[in-house]
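Trainee: Below is a structure I'd like to ask you about.
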Amino acid sequence: MPKGTWLRFDFEDSHPDLPTLYLRGGSIISVAPPHLHVGEFTLSDDLTLLVSLDENGKAEGLLFEDDGDGYGYTKGKFLITNYIAEKHSSIVTVKVSKTEGDWQRPKRRVHVRLLLGGGAMLDAWGMDGETIKINVPSEHEVSELITKSNESFKLHMENTKLIPEKEMLPGQKGMELSRVPIELNNGNWKLNIIPWIGGRILSMSHVPSGVQWLHSRIDINGYEEYSSTEYRSSGCTEEYNIIETDLEHASEEESLILEGDVGGGLVLQRKINIPSDNPNILRIASTIEARSVGAGSGGYSRLLAIHWKVHLMMVTKRCRLACLRVHPTFTLFHPTESFVSFTSIDGLKHVVWPDSGEQIYEGNNLPHGKWMLVDKSLNLQLVNMFDVSQVVKCIVNWDSGTVNLELWSEDRPVSKESPLEIEHEYEVTSFP
0 MPKGTWLRFD FEDSHPDLPT LYLRGGSIIS VAPPHLHVGE FTLSDDLTLL VSLDENGKAE
60 GLLFEDDGDG YGYTKGKFLI TNYIAEKHSS IVTVKVSKTE GDWQRPKRRV HVRLLLGGGA
120 MLDAWGMDGE TIKINVPSEH EVSELITKSN ESFKLHMENT KLIPEKEMLP GQKGMELSRV
180 PIELNNGNWK LNIIPWIGGR ILSMSHVPSG VQWLHSRIDI NGYEEYSSTE YRSSGCTEEY
240 NIIETDLEHA SEEESLILEG DVGGGLVLQR KINIPSDNPN ILRIASTIEA RSVGAGSGGY
300 SRLLAIHWKV HLMMVTKRCR LACLRVHPTF TLFHPTESFV SFTSIDGLKH VVWPDSGEQI
360 YEGNNLPHGK WMLVDKSLNL QLVNMFDVSQ VVKCIVNWDS GTVNLELWSE DRPVSKESPL
420 EIEHEYEVTS FP
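Just so we're aligned, residue 0 is where the sequence shown starts under numbering that gives the first Met the number 0, counting upward by one.
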């Protein structure tokens, strides 16, 4: 590490597989809320200043701002703010030292975070442009804060799930539990899959357009599937076995088959493939199957019928239905220019905008085997095609910068003779 004072900090997202962040003494950096694009930015957004004092108790930093669009900055329509911090006795003062440009300062709150070392911080709030003061406790109290922060950081890192090497499952010939991300790369698609955390698809890139459609972290979102109607139920985070792979020849079909134990004698199996005869298509075929059956279940792994009132309490405790719930989370690159479009079974045209929140479609309102996530700014649409005989419910759920397009199977008991299945496809086409 270069010479000087370097203080560790994070945004409560430290991970052993990510680099540790340090801020050099004498520096002030500005941080804003995360946005996907400048269109989401508002002038009233809080501004955070991270302050790392040097050995003389001073720090400075610069922030450049304009309206985020156009060429007004060439005519002075910008604002450059120089922030300074200085410690006198037990008080650290943060203020604006000078400004440049004709752009008016936004009326907003400023959150000052004074780094102490070891990830420990002191916080103060004020309005931008005003002087903000932070009372620094005694050296003994600061030392205790740093020690506590270091201990918390160490415990967090020790308990964080790592990405170990892949390992063979003892006693299961031909099956391995992969701890290495799997890449499917063929035709128009490039995917990264995490078998050991729900078999989730972490990224889904359309090569010709360069668009990566999924919004995800390694442990949440992306493309997930559940084994019941409950959000993040079994199937979401279980470890999946790799049953079959065919990733050898880029000119031929690439496929991957995974399965995970979701409890109750059931497994959730997923086949992901890019057909060699149609490289524009990404196909996902998933099933919930019964593999082991408990005594007295009559061939069903989860019980449904209650025959006698006297046994109601006992049987209810054993009764668990299965539902294959497909839950992908897609990124909205241009939220104000994006919508979901489909024609329902009854022939009506539906256009669903982000301000509609969650929308549920069933019966004759169900999309007639196809619905599209449209981005007018990109002139692209992600088309999702499915078999209406396998899907009883479709849900559109808008969030800040994301949207879920869910497919639900029926909710019923599963036997070896009657698995649940949903086979569907994705394709990117131009719009309109």
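Idealized CB from N, CA, C, for every residue including glycine.
Predicted model, so just to flag it, every value in this text is computed and none were measured.
#1: Between which residues of its own chain and Arg324 is the CB-CB distance below 6 Å, once the five residues before and five after are set aside?
#2: For Phe152, report the span of its alpha helix (DSSP H) as first-last.
#3: Please determine, among Thr328, Asp354, His349, the residue with the shortest C-alpha to C-alpha distance to Glu336.
#4: What number of angstroms, rounded off, separates the C-alpha of Leu176 from the C-alpha of Ile241?
#5: So what does Asn403 bridge to, in DSSP terms?
#6: Runs of 3 residues minimum, wholly inside the segment 76 to 132: which ones carry the beta strand (DSSP E) assignment?
#7: How big is the Cα-Cα spacing for Glu422 and Val95?
#8: The beta strand (DSSP E) spanning Gln380 covers which residue range?
#9: Just grab the DSSP bridge partners of Val339 for me.
#10: Are any of the Cβ atoms in chain B nearer than 8 Å to that of Lys415?
#11: Taking its Cβ as the centre, do 16 or more other Cβ atoms sit within 10 Å of Ser388, making it buried, or is it exposed?
#12: Which residues share a DSSP beta bridge with His205?
#13: Report all residues from its chain with a CB closer than 7 Å to the CB of Ser89; omit the five preceding and five following residues, and keep chain order.
#14: How long is the line joining the alpha carbons of Pro274 and Val427, rounded to whole angstroms?
#15: Is Asn277 buried or exposed, if buried means 16 or more other CB atoms sit within 10 Å of its CB?
#16: In three-state terms, what does DSSP make of Thr73?
#17: On the three-pair Cβ rule with 8 Å, is the segment 100 to 114 touching the segment 142 to 159?
#18: Measure the alpha-carbon distance for Ile217 versus His87 and round it to whole angstroms.
#19: So, helix, strand or coil for Gly262, using DSSP?
#20: Indicate the three-state DSSP secondary structure (helix, strand or coil) for Asn220 in the structure shown.
#21: What's the gap between the Cα of Glu243 and the Cα of Gly368?
#22: List the DSSP bridge partners of Gln268.
#23: Which residues mark the beginning and the end of the beta strand (DSSP E) in which Arg23 is found?
#24: Val413 to Cys393, Cα distance in whole Å?
#25: Go ahead and pull the three-state DSSP assignment for Pro366.
#26: Distance, Cα to Cα, Glu416 vs Arg282?
#27: Going along the chain, which residues of its own chain have a beta-carbon closer than 7 Å to the beta-carbon of Gly262, five neighbours each way excluded?
#28: Shortest alpha-carbon distance to Thr330 belongs to which of Gln268, Val210, Asn363?
#29: Helix, strand or coil, according to DSSP, for Gly56 in the structure here?
#30: Hey, Asp127 and Val141 are a contact pair by Cβ (cut 8 Å); roughly how many whole angstroms apart?
#31: Please name the residue in Glu85, Lys348, His205, Ile193 whose C-alpha comes closest to that of Gly186.
#32: In its own chain, which residues sit with a C-beta less than 8 Å from the C-beta of Val266, not counting the 5 before and 5 after it?
#33: Tell me, to the nearest whole angstrom, how far the beta carbon of Val327 is from that of Leu419; I am working on the premise that it is less than 8 Å.
#34: Enumerate in chain order the residues of its own chain whose CB-to-CB distance from Lys270 is below 6 Å, with the five nearest sequence positions on each side excluded.
#35: Output the distance between the C-alpha atoms of Pro334 and Asp398, rounded to the nearest integer angstrom.
#36: Would Gly3 and Ile27 qualify as a contact pair, given that the criterion is a beta-carbon distance under 8 Å?
Mentor: This is what the structure gives:
#1: By 1-based counting over the sequence shown, the position of residue 324 is 325. Closer than 6 Å at the Cβ level, and outside the excluded window around Arg324, lie Tyr225, Trp407.
#2: What you label residue 152 is simply residue 153 of the sequence shown in a count that begins at 1. Counting along the chain, the alpha helix (DSSP H) containing Phe152 begins and ends at 138 to 158.
#3: Here residue 336 is taken as the residue at index 337 of the sequence shown, counted from 1. Ranking the options by Cα distance to Glu336, first place goes to Asp354.
#4: Indexing the sequence shown from 1 puts residue 176 at position 177. Indexing the sequence shown from 1 puts residue 241 at position 242. Here Leu176 scores only 48 on pLDDT, less than 50, and its place in the model is too uncertain to base an answer on.
#5: Counted from its first residue, the sequence shown places residue 403 at position 404. BP columns for Asn403 point to Thr328, Asn396.
#6: 78 to 87, 90 to 99, 108 to 116, 119 to 126
#7: The residue labelled residue 422 in the question sits at position 423 within the sequence shown. The residue labelled residue 95 in the question sits at position 96 within the sequence shown. Roughly 59 Å separates the two Cα atoms.
#8: In the sequence shown, the residue the question calls residue 380 occupies position 381. Looking at the DSSP string, the run of the beta strand (DSSP E) that includes Gln380 is 379 to 385.
#9: The sequence position of residue 339 within the sequence shown is 340, counting from 1. Val339 is bridged to Val351, Leu372.
#10: The structure shown contains no chain B; it holds only a single protein chain.
#11: Counting from one through the sequence shown, the residue named residue 388 turns up at place 389. Exposed, because fewer than 16 other Cβ atoms sit within 10 Å of the Cβ of Ser388.
#12: The residue you call residue 205 lines up with position 206 of the sequence shown. In DSSP, His205 forms a bridge with Trp188, Val210.
#13: What you label residue 89 is simply residue 90 of the sequence shown in a count that begins at 1. Contacts found: Asn134, Val135.
#14: Along the sequence shown, one-based indexing puts residue 274 at 275. Along the sequence shown, one-based indexing puts residue 427 at 428. One C-alpha to the other measures close to 15 Å.
#15: By 1-based counting over the sequence shown, the position of residue 277 is 278. The residue is exposed, with fewer than 16 neighbouring Cβ atoms inside 10 Å.
#16: In the sequence shown, the residue the question calls residue 73 occupies position 74. The three-state reading of DSSP puts Thr73 in helix, counting H, G and I together.
#17: Short answer: they don't touch.
#18: To locate residue 217, count along the sequence shown from 1; it is residue 218. To locate residue 87, count along the sequence shown from 1; it is residue 88. Each residue's alpha carbon lies about 45 Å from the other.
#19: For this step, residue 262 is matched to residue 263 along the sequence shown. Three-state result, Gly262: strand.
#20: Locating residue 220 in the sequence shown gives position 221, where the first residue counts as 1. DSSP places Asn220 in strand when its eight states are reduced to three.
#21: As a working mapping, residue 243 is identified with position 244 in the sequence shown. As a working mapping, residue 368 is identified with position 369 in the sequence shown. About 29 Å.
#22: The residue you call residue 268 lines up with position 269 of the sequence shown. Glu258, Thr286, per the DSSP bridge assignment.
#23: Taking the first residue of the sequence shown as position 1, residue 23 is located at position 24. Arg23 -> beta strand (DSSP E) spans 20 to 23.
#24: Numbered from 1 along the sequence shown, position 414 holds the residue referred to as residue 413. Numbered from 1 along the sequence shown, position 394 holds the residue referred to as residue 393. When rounded, the distance between both Cα atoms is 21 Å.
#25: Counting from 1 along the sequence shown, the entry for residue 366 is found at position 367. In the three-state DSSP reduction, Pro366 falls in the strand class (E or B).
#26: Taking the sequence shown and counting its residues from 1, the one referred to as residue 416 is at position 417. Taking the sequence shown and counting its residues from 1, the one referred to as residue 282 is at position 283. Linking Glu416 to Arg282 through their CA atoms gives a straight-line distance of about 24 Å.
#27: Residue numbering aside, residue 262 sits at position 263 when the sequence shown is read from its first letter. So the list reads Ser233, once near-sequence residues are dropped.
#28: Within the sequence shown, the letter at position 331 stands for residue 330. When only C-alpha atoms are compared, the closest one is Val210.
#29: Along the sequence shown, read from residue 1 onward, the residue named residue 56 stands at position 57. If DSSP states are grouped into helix, strand and coil, Gly56 belongs with coil.
#30: As a position in the sequence shown, residue 127 is number 128, starting the count at 1. As a position in the sequence shown, residue 141 is number 142, starting the count at 1. In fact, because the Cβ distance is near 27 Å, the residues do not count as touching under 8 Å.
#31: As a first step, residue 186 must be located in the sequence shown, where it is residue number 187. If we check each option's Cα against that of Gly186, His205 comes out closest.
#32: Position 267 of the sequence shown, counted from the start, is the residue given in the question as residue 266. The residues are Glu258, Gly259, Asp260, Ile287, Glu288, Arg290.
#33: Within the sequence shown, residue 327 is the residue found at index 328, counting from 1. Within the sequence shown, residue 419 is the residue found at index 420, counting from 1. Strictly speaking, residue 327 in this sequence is Pro, with Val absent from that position. Incorrect: roughly 18 Å between the Cβ atoms, too far for contact.
#34: Here residue 270 corresponds to residue number 271 of the sequence shown, with the count starting at 1. Only Ile256, Ala284 meet the Cβ criterion.
#35: Locating residue 334 in the sequence shown gives position 335, counting from the first residue. Locating residue 398 in the sequence shown gives position 399, counting from the first residue. Computed Cα separation, rounded: 10 Å.
#36: Counting from one through the sequence shown, the residue named residue 3 turns up at place 4. Counting from one through the sequence shown, the residue named residue 27 turns up at place 28. Not in contact: Gly3 and Ile27 (Cβ atoms no closer than 8 Å).
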